[in-house]
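Asker: Keeping their order, the protein sequence lines are chains A and B. Note that UniProt numbering numbers the first sequence so that position 62 is 62, with each residue one more than the last. Note that UniProt numbering numbers the second sequence so that position 38 is 38, with each residue one more than the last. We put the beta carbon where it would ideally sit given N, CA and C, even for glycine. The structure displayed is predicted, hence computed values, not measured ones. Mind looking over this structure? Questions follow.
Protein chains: 2
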Amino acid sequence: MSRDQRADDPAALQEALGSFVRAFGLHQPETTPCGRPISVSEAHALSELEQEGELRQVELTRRLRLQKSTVSRLVGQLSSRGWVERAPAPDDGRGVVLRLTPAGQRAARNLAEARRERFSRLLGSIPAHERAGVLHALDVMVEALDE
Amino acid sequence: MSRDQRADDPAALQEALGSFVRAFGLHQPETTPCGRPISVSEAHALSELEQEGELRQVELTRRLRLQKSTVSRLVGQLSSRGWVERAPAPDDGRGVVLRLTPAGQRAARNLAEARRERFSRLLGSIPAHERAGVLHALDVMVEALDE
DNA sequence: ACCTTCTGGTTGTACGGTCGAACCATGTCC
DNA sequence: GGACATGGTTCGACCGTACAACCAGAAGGT
């Protein structure tokens with residue numbers, strides 16, 4: 001099948017993506033694909049917080065694309081694990097600022113390490129000269145999905 | 001961070017993939033990304049059955065990467081919607097052979113159509129000069145996963 | 001033949017992530 | 001200052017999934 005024909009057959013893309021999602025275990029969101037006893041959403045939250053240092057809860061909601069109620073509970077779980085601190089936002093009396101505790105930073109690093117191993121294997125299966133293109137393509141798709 | 005550094009960092013891949021999964025709404029498995037009142041797993045099951053015509057239940061379990069109990073219930077739901085028929089396997093007294101009913105075939109076609117539209121819109125949001133690259137990147141990833 | 005083990009399916013139970021709605025407090029705008 | 005919008009929390013419900021127990025049929029060895 002030629003390249004142009006494939007571009008006109010979006011179902012093939014869905015097929016491939018569906019297989020990918022299942023192969024990665026993403027259909028079971030309560031365990032991370034890396035085998036850690038932590039949910040996918042929690043892992044993403046940890047990752048965002050580690051990267052940003054501080055994050056407004058509403059911003060986390062936006063990035064995770066969840067309802068605010070869900071994020072509230074999610075943060076509550078992370079907090080009761082001792083991984084996240086909530087502080088009142090200095091510039092907005094309604095807001096909450098989230099930050100990782102030292103224990104949370106350790107957890108995030110451990111998680112990142114497990115993730116790194118898992119994805120190293122996947123990345124290793126991608127020819128080196130294709131890697132940048134794959135990453136760029138995923139960025140492009142996310143951007144497209146936001147419109 | 002330069003492009004090459006990023007390309008060799010598995011965390012970047014995870015980042016990109018995580019964003020994509022969330023942007024696509026896959027973190028909410030009880031509604032299909034196409035906005036249909038049908039779960040992602042049901043959609044996949046329908047798709048597999050449409051493609052294969054007939055499928056042993058155990059084979060569906062394998063393809064969907066679910067537990068057999070989950071698939072049993074899943075099939076029960078599709079059956080009570082009148083979309084799937086169960087018949088005893090001719091060569092194995094334990095087995096169950098699944099097949100789409102006419103209504104199920106219609107549902108599968110409708111679903112495929114909705115999916116097509118969704119992906120067409122997605123493709124439409126991707127700058128034309130990026131499309132070939134994105135399609136190619138997806139191919140590469142699927143290939144990498146099959147190893 | 002018989003016993004054991006494996007395999008495909010079903011049912012019961014529990015868990016957990018997500019949403020929507022109701023509600024409160026605070027910010028914003030006319 | 002009143003109306004509306006925004007950030008968070010809590011409550012209730014839904015649903016997909018796993019695990020375990022169980023049953024029935026197949027497979028293989030003695």
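State yes or no: is the beta carbon of A:A137 nearer than 9 angstroms to at least one beta carbon in chain B?
Answerer: yes
Asker: DSSP on residue 148 of chain A, reduced to helix/strand/coil?
Answerer: What is shown of chain A runs 1 to 147, which leaves residue 148 of chain A out entirely.
Asker: Which of the three DSSP states is assigned to A:R65 in this structure?
Answerer: coil
Asker: Given this structure, state the Cα-to-Cα distance separating A:R56 from B:R56, to the nearest angstrom.
Answerer: 49 angstroms
Asker: Which of the three DSSP states, helix, strand or coil, is assigned to B:R94?
Answerer: coil
Asker: Rounded to a whole number of angstroms, what is the C-alpha to C-alpha distance between A:L46 and B:L49?
Answerer: For A:L46 and B:L49, the gap between their C-alpha atoms comes out near 39 angstroms.
Asker: Please list, in chain order, the residues of the segment 67-94 of chain B that have any C-beta partner in chain A closer than 9 angstroms.
Answerer: none
Asker: Would DSSP call A:L122 helix, strand or coil?
Answerer: Taken through DSSP and simplified to helix, strand or coil, A:L122 comes out as helix.
Asker: Are the segment 105-121 of chain A and the segment 87-100 of chain B touching by the rule of at least three beta carbon pairs closer than 8 angstroms?
Answerer: no
Asker: Take every Cβ of the segment 119-133 of chain A, pair it with every Cβ of the segment 66-75 of chain A, and state whether three or more of those distances are shorter than 8 angstroms.
Answerer: no
Asker: Is DSSP giving A:R116 helix, strand or coil here?
Answerer: helix
Asker: Let's see if you can read the secondary structure: which residues bound the beta strand (DSSP E) around B:A87?
Answerer: Bounds of the beta strand (DSSP E) holding B:A87 are 84-88.
Asker: Taking the beta carbon of B:E15 as the centre, do at least 16 other beta carbons fall within 10 Å, making it buried, or is it exposed?
Answerer: With 16 or more other Cβ atoms within 10 Å, it is buried.
Asker: Of all the CB atoms in chain A, is at least one closer than 9 angstroms to the CB of B:G133?
Answerer: Yes, its Cβ sits closer than 9 angstroms to a Cβ of chain A.
Asker: Pick helix, strand or coil for B:L135, following the three-state DSSP scheme.
Answerer: helix
Asker: Does B:E130 come within less than 9 angstroms of chain A when only Cβ atoms are used?
Answerer: True, the Cβ-Cβ gap to chain A drops below 9 angstroms.
Asker: Only counting the same chain, and skipping five residues up and downstream in sequence, which positions put a Cβ closer than 7 angstroms to that of A:L100?
Answerer: L49, E50, W83, V84, A108
Asker: Spatial neighbours of A:L17 within its chain, please: C-beta separation below 8 angstroms, excluding the five flanking residues on both sides.
Answerer: none
Asker: How close, in whole Å, do the beta carbons of B:L60 and B:L26 come, if the pair is a contact with beta carbons under 8 angstroms?
Answerer: Not a contact, Cβ separation roughly 20 angstroms.
Asker: May I have the straight-line CA-CA distance separating B:G76 from B:H129, to the nearest angstrom?
Answerer: 45 angstroms
Asker: Should B:F20 and A:V142 be called a contact, given that it needs their Cβ atoms to be closer than 9 angstroms?
Answerer: Yes. Within cutoff.
Asker: Within its chain, find whatever has a CB closer than 8 angstroms to the CB of B:Q105; leave out the 5 residues flanking it on each side and keep chain order.
Answerer: Hits under 8 angstroms: E50.
Asker: Taking Cβ positions, are A:G93 and A:V58 nearer each other than 9 angstroms?
Answerer: no
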